[in-house]
Amino acid sequence: MIEILSPREVARARDTGALVGDILHTMKRQATVGTNLLEIDEWTKAMILEAGAESCYVDYAPSFGRGPFGHYICTAVNDAVLHGRPHDRVLADGDLLTLDLAVTLRGIAADAAISFIVGDARPVESVAMIETTERALAAGISAAGPGGRIGDISHAIGSVLSADGYPINTDFGGHGIGSTMHQDPHIANVGRAGRGHKLRPGLLLALEPWIMADTDQLITDTDGWTLKSATGCRTAHSEHTIAITDDGAEILTLPTV
Numbered sequence: 000m001i002e003i004l005s006p007r008e009v010a011r012a013r014d015t016g017a018l019v020g021d022i023l024h025t026m027k028r029q030a031t032v033g034t035n036l037l038e039i040d041e042w043t044k045a046m047i048l049e050a051g052a053e054s055c056y057v058d059y060a061p062s063f064g065r066g067p068f069g070h071y072i073c074t075a076v077n078d079a080v081l082h083g084r085p086h087d088r089v090l091a092d093g094d095l096l097t098l099d100l101a102v103t104l105r106g107i108a109a110d111a112a113i114s115f116i117v118g119d120a121r122p123v124e125s126v127a128m129i130e131t132t133e134r135a136l137a138a139g140i141s142a143a144g145p146g147g148r149i150g151d152i153s154h155a156i157g158s159v160l161s162a163d164g165y166p167i168n169t170d171f172g173g174h175g176i177g178s179t180m181h182q183d184p185h186i187a188n189v190g191r192a193g194r195g196h197k198l199r200p201g202l203l204l205a206l207e208p209w210i211m212a213d214t215d216q217l218i219t220d221t222d223g224w225t226l227k228s229a230t231g232c233r234t235a236h237s238e239h240t241i242a243i244t245d246d247g248a249e250i251l252t253l254p255t256v
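In terms of numbering that gives the first Met the number 0, the sequence shown has 176 at position 177, counting the first letter as 1, and numbering is strictly consecutive.
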């Protein structure tokens, strides 16, 4: 299903996106050395419920997961990159943490992710990976606009990732979003410009470049959910929800705090 939202629905999407951005910004500030991943999940739950919103994850049970996800935020550490299921783990100095969050507020969903280094350590390769995904995300957003194609976005993202020498996995990527979290069209992190679904004002897209340092192969953790690099290498992931507008693309998931 591909939804085209009305101007009133896009306005509601701005509220959802701001909530997602604010929660992620708050969790980044609170995720320090010694923080437990389960604490991050509890803090996220409290902010979602206080805002009168709903988690997109708690009851989420797609074919690739083992049962309902059961938590409010994805917490992926070091070699984990997608669908990181919170568990009893304390963060250490230098850990590379990815937080991925999707919520629904007044019937409209928004989805975003951030990667960052915990503590004072700054491993050079990890910092470079994060910066690559952020630049790829910016390139994908710049390529999005009315009359363009999904392939334009995929090509822009993939060009940045490839230029920096990272392998690209095509099993998981960006997606449409609206009244539900995951919708068509799929947005691969590599592609050919000029191909794919035509972009129209009112279309919401979650763009999410993610990489692993030395492989494009994923393995599933024993929790049945968390996807990790097959080689144990570090990973990074950046994501925003955008709305296609009459003259370009609007980022909806920027923090307001």
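C-beta atoms are modelled at their ideal positions from N, C-alpha and C, and glycine is treated no differently. Given the structure is predicted, the values throughout are model-derived calculations rather than measurements.
For Leu37, no beta strand (DSSP E) segment is defined; the enclosing uninterrupted segment is the alpha helix (DSSP H) at Leu36 to Glu49. Within the same chain, Cβ atoms closer than 6 Å to the Cβ of Gln216 are found at Ala229, the five residues on either side in sequence being excluded. Collapsing the DSSP output to three states places Val57 in coil.
Going by DSSP, Gln216 is part of no alpha helix (DSSP H) at all; its letter is neither H nor E. Judged by beta-carbon spacing, Ala187 lies beyond the 8 Å limit of Gly201, meaning their Cβ atoms are not closer than that value. Among the bridge pairs identified by DSSP, Glu249 is matched with Ala242.
Under the DSSP definition of a beta bridge, Asp110 partners with Ala101. Just so you know, the alpha carbons of Met180 and Ser54 end up roughly 10 Å apart. Look at Arg199 here: in three-state DSSP terms it is coil, with no helix or strand label. For Val9, same chain residues with a beta-carbon under 6 Å away, outside a window of 5 residues either side, are Ala242 in chain order. Closest in alpha carbon position to Thr25, among Arg11, Asp14, Arg13 and Asp40, is Asp40. In the DSSP assignment, Gly177 falls outside any alpha helix (DSSP H) and carries neither an H nor an E.
Assignment of beta-bridge partners to Lys227 by DSSP yields Ala79 and Ile218. If you look at Thr25, you'll find it in the alpha helix (DSSP H) that goes Pro6 to Gln29. Classified as buried, Arg148 has 16 or more neighbouring CB atoms from the shown chains inside 10 Å of its CB.
Closest in alpha carbon position to His86, among Ser125, Asp220 and Gly231, is Asp220. By the C-beta criterion, the segment 104-113 is judged to be in contact with the segment 47-63, since at least 3 inter-stretch pairs fall below 8 Å. With contacts defined as CB atoms closer than 8 Å, Met0 and Asp183 qualify as a contacting pair.
The beta-bridge partner set that DSSP reports for Ile1 is empty. Assignment of beta-bridge partners to Thr132 by DSSP yields no partner. In this structure, Phe68 lies near Arg84, with their beta-carbon atoms less than 8 Å apart. Burial check for Lys197: the Cβ neighbour count within 10 Å stays below 16, so the residue is exposed.
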